[in-house]
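Numbering (the working numbering), first residue to last: 3 to 376.
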Ligand SMILES: Nc1ncnc2c1ncn2[C@@H]1O[C@H](COP(=O)(O)OP(=O)(O)OP(=O)(O)O)[C@@H](O)[C@H]1O
Ligand SMILES: [Mg+2]
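Written out as structure tokens, the structure is:
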């Protein structure tokens, strides 16, 4: 999948601009606050239907203007497609418009998956460093793009969890229907088992990719790598063994049924998919605690490259890789890998300083929301 050309109008600090990308590596280069991340935000918007920086579309409207527009010409294995996104400031009271090949899309969900992109920005170090919620969110965003069934299951799970928690709270305060709890437990166990199965498969596959990419980043693909990462799927079932969906369901149900009084005491659901995590190890030690800043960054980057690899296996095409400000944090070997060893993948990255390593990337100068080829 290739982003060919993008046009912006009134988008953040960009009054009006067009950027042409090469199918290989593209480097947006410029000083702070010139509009590098803004450009990436616009590209990511076309992939995910939302910003990675703000939940409010109106924040992306250029100060003092009524609307913004972004249009992207992209090429997938079959054909060239045009995507268009327009949103308005709060004052206008107008609804956003999305179009694919000139045809209006009634729901934003119909945009998702047409153009696929994997984003890596400095904040994403959180997937290694921060709490389990960050890693669950990483998993969910990655899997939802590939499997709509998973998204449905996740939505049902969250609904049941909210209802079950509300009931447990009532029960802890001395009222509420105990028999209803059994119904919720059964439903929660069913969804948890489905989510378990999908997450288990994903993390197992991701572990393979992370091992490969981490080794290439750190050791240039050495046959005897110095440091070996490992990802493990942690869940309420307290085993790393792969269980069948039915078996997982029975285990979840047993946990929920046998711990009713504990849960009523706590007033909250203690077992299920909302407790899952990915344990990340480097040479057998927890990366969150023991890995260096650079190692953590390489792990997070390897996870993102792995996400792209799995997406390619599913769809037959690589997503576009968007790297915001990653070069400055990496040593020359790792920079070289990103700049020249990602083969047929399209990469669009940003940086403030020219990379100290050779590269035949396309360089694009960024100044005050304007973009031109170097
Ligand atoms: N809605 C908006 N309208 C106009 N300008 C905006 C809007 N939102 C943000 N900006 C401005 O856009 C400018 C560029 O932001 P951007 O995040 O793209 O910079 P950058 O080139 O990535 O810089 P850095 O290297 O510091 O990350 C900032 O000065 C910011 O104030
Ligand atoms: Mg930036």
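Glycine is no exception: its CB is placed at the ideal position from the N, C-alpha and C atoms.
- Of the residues assessed, residue 20 falls on the exposed side of the cut-off, its CB having fewer than 16 other CB atoms within 10 angstroms.
- With a threshold of 16 other beta carbon atoms within 10 Å, residue 108 falls short and is exposed.
- Across the set 135, 331, 304, the C-alpha of 135 shows the shortest separation from the C-alpha of residue 237.
- Taking 6 Å as the cut-off, one finds no heavy atom of ligand 1 near enough to the beta carbon of residue 369.
- Remark: C-beta atoms of residue 31 and residue 348 do not approach each other more closely than 7 Å.
- Rounded to the nearest whole angstrom, the CA to CA distance from residue 205 to residue 158 is 22 Å.
- Residue pairing for residue 101: DSSP places it in a beta bridge opposite 86, 106.
- Assigned with DSSP and collapsed to three states, residue 31 falls in strand.
- According to the DSSP secondary-structure assignment, residue 121 is paired through a beta bridge with 324.
- In this structure, residue 35 has its beta carbon less than 6 Å from a heavy atom of ligand 1.
- If only complete runs of 4 or more residues are kept, the region 24 to 73 shows the alpha helix (DSSP H) at 38 to 50, in order along the chain.
- Each of 38, 39, 326, 327, 352 has a C-beta closer than 7 Å to some heavy atom of ligand 2; these make up the full list, in chain order.
- In this structure, the straight-line span from the alpha carbon of residue 332 to that of residue 299 is close to 8 Å.
- Secondary structure note for residue 313: it is in no beta strand (DSSP E), and the uninterrupted alpha helix (DSSP H) holding it is 295 to 317.
- Judged by DSSP in its simplified three-state form, residue 371 adopts coil rather than helix or strand.
- As the crow flies, the alpha-carbon of residue 227 is around 41 Å from that of residue 373.
- When the beta-carbon positions are compared, residue 304 and residue 212 come within less than 7 Å of each other.
- Under the 8 Å Cβ criterion, the region 127 to 141 counts as touching the region 287 to 294, having at least three qualifying pairs.
- Residue 65 has its CB nearer than 6 Å to a heavy atom of ligand 1.
- Spatial neighbours of residue 351 in its own chain (CB-CB distance under 6 Å, excluding positions within 5 residues in sequence) are listed in chain order as 29, 325.
- Residue 145: member of the alpha helix (DSSP H) spanning 134 to 148, first to last residue.
- For the pair residue 37 and residue 353, the Cα-to-Cα distance works out to about 11 Å.
- No Cβ-Cβ contact shorter than 7 Å links residue 339 with residue 120.
- Here residue 7 is bridged, per DSSP, to 22, 75.
- Residue pairing for residue 210: DSSP places it in no beta bridge.
- Boundaries of the beta strand (DSSP E) harbouring residue 236: 231 to 236, taken from the DSSP string.
- In the displayed model, residue 273 falls within coil according to three-state DSSP, outside both helix and strand.
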